[in-house]
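Peer 1: Start counting the sequence shown at 2; every next residue gets the next number (the working numbering).
No residue lacks a Cβ here, since even glycine has one placed at the ideal position from N, Cα and C.
Predicted, not measured: the structure shown is a model, and the values here were computed from it.
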Amino acid sequence: MKYVEHILDRFTMYQVLTAVLLTYMAWALLLSIFGILSYDLTALLLSGVVIVTAVVLTHYLMTRLTAAPSNIWSSILTGLIIFLIFTPTADVGGLAILATVAVVSIVSKYIVKYRNVHLINPVALAAVLSGVFGLAYASWWVGTAWFAPLLIFGGLLVVLKIRRLPMVLAGVLASFLMVSIYAVIRDSTSITVLSSFFLTSPLWFFMTIMVTEPLSTPAGERAQILYGIFIGLLSQIPFSIGPLFNSPELALMIANLLVWPLSLRGRLKLVCLKVTEVAHNTLEYVFRPSFPVSFQAGQYLEWALPHQSPDGRGTRRYFTIASSPTRQNLRLVVRTEDKGSSYKERLKAFGRGDTIQAAQLAGDFVLPKDVAGKKFVFVAGGIGITPFLSQLEYLKDTKQKTDIVLFYCNRTAEDIAYAKKLNDYESIRLRTVHVLAEPTADWRGETGYLSPHMLKHYTPDLTDRLVYLSGPPGMVGSYKKLFSDCGVPRGHIKTDYFPGLA
């Protein structure tokens, strides 16, 4: 599974999702050609063309009218999802309804929003409104036995890319539980229930493609699991209020509204105040946010930087907030390269007054609520120091004392960032051990890589400590095994996650 995640991290979320949805569409066309699908090829092609055309035209119109930040690929993906849940048709009237649903979906992104972030999944909102006004109901026609294996495989790729597997599994299990309860009440056979639930329902598409929309999900794995359970249960409860009938899209819409207070509640506009080189090819940015941000030390944001001629790696990245939640401004620390991506090149050219946008607060690489009496080992590999900067600053600002040994691993001495700053945390009982892979002859610190001997020397009470690992995936995986082999319980080892391209 980790190997698959590593491969997926080379692609942006839009690239993965686009590839998956286009594969679903291609499979539908193939099934239609062989007469397996009940919709003919003409209906599929006309519906697809009309929906995508409608979302693209509406996207450009709303962009001009509102001058709001926009992403054409987001609108196209919205159109592809609409195509896969509304019944295809070749009828002129039916095509007009599909175009209307597509238009409403895109318009809602620009109207039903707060601080440049939509409050409700646009496809879910358009589907609910379409049903209420009697235009059309989402048929979820991809929920068939012929689609099920592909929906599971494609959905798994999407879920692994955005690390939402626990949330989706919780939602699926909750949904199955509710279906099973109703089956017992209705005295249905278990085989019928299992086959209809797993093979002929919209479950897989709904949970992996729509529920996982990053802007609509809460931050933190525990909150996301509860979110998935709530949607899974609610989506299977039959009820109606006037013309409003419960459906997967209505359950998602209700969940979006309920979790909104728990999210970032808007898209940040950040103004650059200062840029400082803190190590070789490592820059620190200090930003003033457009509104106060509530987060936990160690969490990350998705940082969007539109620029001219972006390369295939896109205009968005996930970066950890390197400042404490107690500070008004946000600090970002980025490792640059002599010739990096177009994103990094634009960021290297940043100066005072330049702006960047951020959204999708997430991450579980956070300290326990009460650190009193607890002891820690922090292991940072290169730029993996950033979450620890936030946490150390937070502990110092809130005057909390603990016992921390930080192993800061770098290739050379020039790569060490904040060497002097790390000496300022004696008040919270921090001891920093620098480890270099390629030291010079006059280096007096540790060399090579972490080893059982080194750990025993600096932390003889290692098994009593909580271990936090942050850095490149290969390093994190290797050191996780090292600490486990040294007797640290797996439940005491916490790893940071680098999602790769956004």
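1) Identify every residue that forms a DSSP beta bridge with Pro290.
2) Give the range of the alpha helix (DSSP H) segment to which Ser76 is assigned.
3) Leaving out five residues on either side along the sequence, give the residues of the same chain with a beta carbon under 7 Å from the beta carbon of Thr201.
4) Let me make sure I understand the geometry here. Which of His454, Leu31, Leu120 and Val93 has the alpha-carbon closest to that of Asn257?
5) Using a Cβ-Cβ cut-off of 7 Å (strictly less than) and excluding sequence neighbours within five positions of Val21, which residues of its own chain qualify?
6) Keeping to the same chain, check which residues put their C-beta closer than 7 Å to that of Leu32; ignore five residues upstream and five downstream.
7) Using the Cα positions of Pro70 and His7, report the straight-line distance between them to the nearest angstrom.
8) Have a look at Ala323 and Thr283 and give me their C-alpha separation to the nearest angstrom.
9) Does Met2 pass the burial test, meaning 16 or more other C-beta atoms within 10 Å, or should it be called exposed?
10) Can you tell me where the alpha helix (DSSP H) holding Phe177 begins and where it ends?
11) In terms of alpha-carbon separation, which member of Ser291, Gly472 and Ala280 lies closest to Arg116?
12) Where DSSP assigns a beta bridge to Trp304, which residues make up the other side?
13) Could you tell me how far apart the beta carbons of Ser419 and Ile386 are, in whole angstroms, since I believe they sit closer than 8 Å?
14) Is it buried or exposed for Thr79, if we count other Cβ within 10 angstroms and need 16 for buried?
15) With DSSP run on the structure shown, which of helix, strand or coil describes Thr209?
16) Determine, using beta carbons only, whether Pro219 and Ser236 come nearer to each other than 8 Å.
17) Going by DSSP, what residues sit across from Lys495 in a beta bridge?
18) Considering only residues of the same chain and omitting the five flanking positions on each side of Pro311, which have a CB-CB separation below 8 Å?
19) With distance defined between alpha-carbon atoms, name the residue in Ile405, Thr43, Lys114 and Val104 nearest to Thr433.
20) Under 8 Å by Cβ, that's how I've got Leu451 and Phe408 pegged, so tell me the actual separation to the nearest angstrom.
21) To the nearest angstrom, how far is the alpha carbon of Glu214 from that of Met168?
22) Out of Ala27, Thr19 and Ser471, which one is the CA nearest neighbour of Asp497?
23) Let me check understanding here. Comparing Cα to Cα, which of Pro453, Lys340, Glu303 and Leu47 lies closest to Leu483?
24) Is Asp339 near the ligand MN, going by C-beta to nearest heavy atom under 7 Å?
25) Taking 6 Å as the limit between beta carbons, can you name the residues of its chain near Thr277, skipping five residues before and five after?
26) With 16 other CB atoms within 10 Å as the buried threshold, where does Pro244 fall?
27) Put Asp339 into one of helix, strand or coil per three-state DSSP.
28) Residue range of the beta strand (DSSP E) that Tyr228 falls in?
29) Tell me which same chain residues have a C-beta within less than 7 Å of the C-beta of Pro307, skipping the five on either side of it?
30) State buried or exposed for Asn424, treating a residue as buried only when at least 16 other CB atoms are found within 10 Å of its CB.
31) Could you give the C-beta distance for Thr522 and Thr399, rounded to a whole number, given that I count them as a contact under 8 Å?
32) If I'm right that Ala360 touches Glu303 with Cβ under 8 Å, what's the distance once you round it to whole angstroms?
Peer 2: According to the structure data:
1) Residue mapping note: residue 290 aligns to position 289 of the sequence shown, counting from 1. Per DSSP, Leu271.
2) Indexing the sequence shown from 1 puts residue 76 at position 75. Start and end: Ile73 to Ile86.
3) In the sequence shown, counting from the first residue as 1, residue 201 sits at position 200. Gly144, Thr145 and Ala146, listed in sequence order.
4) Here residue 257 is taken as the residue at index 256 of the sequence shown, counted from 1. Comparing Cα-Cα distances from Asn257 to each of His454, Leu31, Leu120 and Val93, the minimum goes to Leu120.
5) Taking the sequence shown and counting its residues from 1, the one referred to as residue 21 is at position 20. Excluding positions up to five away in sequence, the list reads Gly155, Leu158 and Val159.
6) As a first step, residue 32 must be located in the sequence shown, where it is residue number 31. If we look at Leu32 and ignore the five residues flanking it on each side, its Cβ neighbours are Leu38 and Trp147.
7) Along the sequence shown, read from residue 1 onward, the residue named residue 70 stands at position 69. Along the sequence shown, read from residue 1 onward, the residue named residue 7 stands at position 6. About 30 Å.
8) In the sequence shown, counting from the first residue as 1, residue 323 sits at position 322. In the sequence shown, counting from the first residue as 1, residue 283 sits at position 282. Straight-line Cα distance between these residues: approximately 13 Å.
9) Locating residue 2 in the sequence shown gives position 1, where the first residue counts as 1. Of the other Cβ atoms in all chains shown, fewer than 16 fall within 10 Å of the Cβ of Met2; this residue is therefore exposed.
10) Along the sequence shown, read from residue 1 onward, the residue named residue 177 stands at position 176. Its alpha helix (DSSP H) spans residues Leu166 to Arg187.
11) By one-based count along the sequence shown, residue 116 stands at place 115. Of the listed residues, the one whose Cα sits closest to Arg116 is Ser291.
12) On the sequence shown, residue 304 is found 303 positions in, with the first residue counted as 1. Answer is Arg318 and Ala359, bridged to Trp304.
13) Translated into the one-based positions of the sequence shown, residue 419 becomes position 418. Translated into the one-based positions of the sequence shown, residue 386 becomes position 385. Looking at the sequence itself, residue 419 is Tyr, so the reference to Ser does not match. At roughly 7 Å, the Cβ-Cβ gap stays under 8 Å, so Tyr419 and Ile386 are in contact.
14) Working through the sequence shown from its first residue, we reach residue 79 at position 78. Classification of Thr79: buried, given that the 10 Å Cβ count is 16 or more.
15) What you label residue 209 is simply residue 208 of the sequence shown in a count that begins at 1. It is helical.
16) Along the sequence shown, read from residue 1 onward, the residue named residue 219 stands at position 218. Along the sequence shown, read from residue 1 onward, the residue named residue 236 stands at position 235. No.
17) Numbered from 1 along the sequence shown, position 494 holds the residue referred to as residue 495. Note: Lys495 sits in a beta bridge opposite Tyr469.
18) For this step, residue 311 is matched to residue 310 along the sequence shown. The answer, listed in chain order, is Ser343 and Tyr344.
19) Translated into positions along the sequence shown, residue 433 becomes position 432. Of all alpha-carbon atoms in Ile405, Thr43, Lys114 and Val104, the one lying nearest the alpha-carbon of Thr433 is that of Ile405.
20) Here residue 451 refers to the residue found at position 450 of the sequence shown. Here residue 408 refers to the residue found at position 407 of the sequence shown. Indeed they touch by this definition, with Cβ atoms about 6 Å apart.
21) One-based indexing of the sequence shown puts residue 214 at position 213. One-based indexing of the sequence shown puts residue 168 at position 167. When rounded, the distance between both Cα atoms is 12 Å.
22) Residue 497 sits at position 496 when you count from the first residue of the sequence shown. It is Ser471.
23) For this step, residue 483 is matched to residue 482 along the sequence shown. Leu483 has its Cα closest to that of Pro453, out of Pro453, Lys340, Glu303 and Leu47.
24) Among the components of this structure there are no ligands whatsoever, and the ligand MN is therefore not found.
25) As a first step, residue 277 is located in the sequence shown; it is residue number 276 there, counting from the start. Taken in chain order, the residues that qualify are Glu285.
26) Stepping through the sequence shown from its first residue, residue 244 is reached at position 243. Classification for Pro244: exposed.
27) Residue mapping note: residue 339 aligns to position 338 of the sequence shown, counting from 1. Looking at Asp339 - three-state DSSP - the assignment turns out to be coil, as it is neither helix nor strand.
28) In the sequence shown, the residue the question calls residue 228 occupies position 227. Tyr228 -> not in any beta strand (DSSP E); alpha helix (DSSP H) instead, spanning Glu222 to Leu235.
29) Sequence index remark: in the sequence shown, residue 307 carries index 306 (1-based). Within the same chain, Pro307 has close Cβ partners Thr316.
30) Indexing the sequence shown from 1 puts residue 424 at position 423. Classification for Asn424: exposed.
31) Residue 522 falls outside the range modelled here, since the chain spans only 2 to 503, and no answer is possible.
32) By 1-based counting over the sequence shown, the position of residue 360 is 359. By 1-based counting over the sequence shown, the position of residue 303 is 302. The Cβ separation is near 6 Å, so the contact holds.
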